[in-house]
Every structure is written in structure tokens, then in C-alpha cells.
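Report on the following structure.
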Amino acid sequence: MAEIAKPLQVGQLVRSKAGRDHGKYYLVLQVQDGRVLLVDGRKRLAANPKVKNPCHLQPVKLVSVDFRAKAQARRLTPEDIRADLAALMRENPEEEA
Numbered sequence: 075m076a077e078i079a080k081p082l083q084v085g086q087l088v089r090s091k092a093g094r095d096h097g098k099y100y101l102v103l104q105v106q107d108g109r110v111l112l113v114d115g116r117k118r119l120a121a122n123p124k125v126k127n128p129c130h131l132q133p134v135k136l137v138s139v140d141f142r143a144k145a146q147a148r149r150l151t152p153e154d155i156r157a158d159l160a161a162l163m164r165e166n167p168e169e170e171a
């Protein structure tokens, strides 16, 4: 289930605007000390999240409520991350084919 997001919150879909991963989509795992921890369920897992400056991210106004609940309970598996990311990508009106 998805909901409309406020500025960067756990479970939100974001797209990288800068760096080697330009154009790649992630889910926000945590926001701390002016940095955002991101996961994609493939290379970037909950144990080794991508750390990015929030100005290098384009937020998408979709949030996975299921992901947020699992992240708070610390029960995230790579399969869960990939499934939630894929579900939000299907709902994303900004995605160009």
C-alpha cells in the first residue's frame, strides 16, 4: 500500500540525480545527520545501505507503508525490499517507460 509523502521519510521512493547511480531508484531506509540511507534490495541491502546527500535525490511522492513497518521492526529481507520497490515503481506516474 502506498501513500503520498512529505519531504523524505522512511519507505519513500526516490531517484538519484547525481553520481554513478544517476537515474536509479531506491527506497529511503533512514534519514540521519543530513544524509539519507537508501536500499534497493540488490546491491544495497539494509546491512549495507547507500549513503547519499538529500540534494542529490529526487523524491517521488509515493511511500510504502509495508516497508516502513518492516523497517521499524528491523525485519527487512532483500526480497521484501525488491517487492516494495517494484510495487512503487508500478504506481510511479513519473517513470518514463
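Position in the sequence shown (from 1) plus 74 gives the number in the numbering used here. The C-beta atom is built at its ideal place from N, Cα and C for all residues, glycine as well.
CA-CA distance, residue i and residue j?
i, j, result
"L146", "Q83", "One detail in the question is off: residue 146 reads as Gln in this sequence, not Leu. C-alpha separation (whole angstroms): 12 Å."
"S90", "K126", "9 Å"
"V102", "G85", "5 Å"
"A171", "E153", "Confidence at A171 is low in this model, with a pLDDT of 39, below 50, so its placement is unreliable and no value can be given for it."
"R148", "Q104", "12 Å"
"K135", "P128", "15 Å"
"T151", "V88", "19 Å"
Counting along the chain, where does the beta strand (DSSP E) carrying residue i start and finish?
i, result
"K152", "Note on identity: in this sequence residue 152 is Pro, with Lys being the wrong assignment. Not the beta strand (DSSP E): P152 falls in the alpha helix (DSSP H), residues P152 to E165."
"V84", "V84 -> no beta strand (DSSP E), and no H or E assigned at all."
"R109", "R109 to V113"
List the endpoints of the continuous alpha helix (DSSP H) containing residue i.
i, result
"K144", "V139 to Q146"
Could you name the residues that DSSP lists as bridge partners for residue i?
i, result
"P128", "Partner(s): none; P128 has no beta bridge."
"V102", "L112"
"R60", "The chain is shown from 75 up to 171; residue 60 falls before or after that span and cannot be answered."
"P133", "V88"
Our contact map puts residue i next to residue j with C-beta atoms below 8 Å; I'd like the distance itself, whole angstroms only.
i, j, result
"V113", "Y100", "6 Å"
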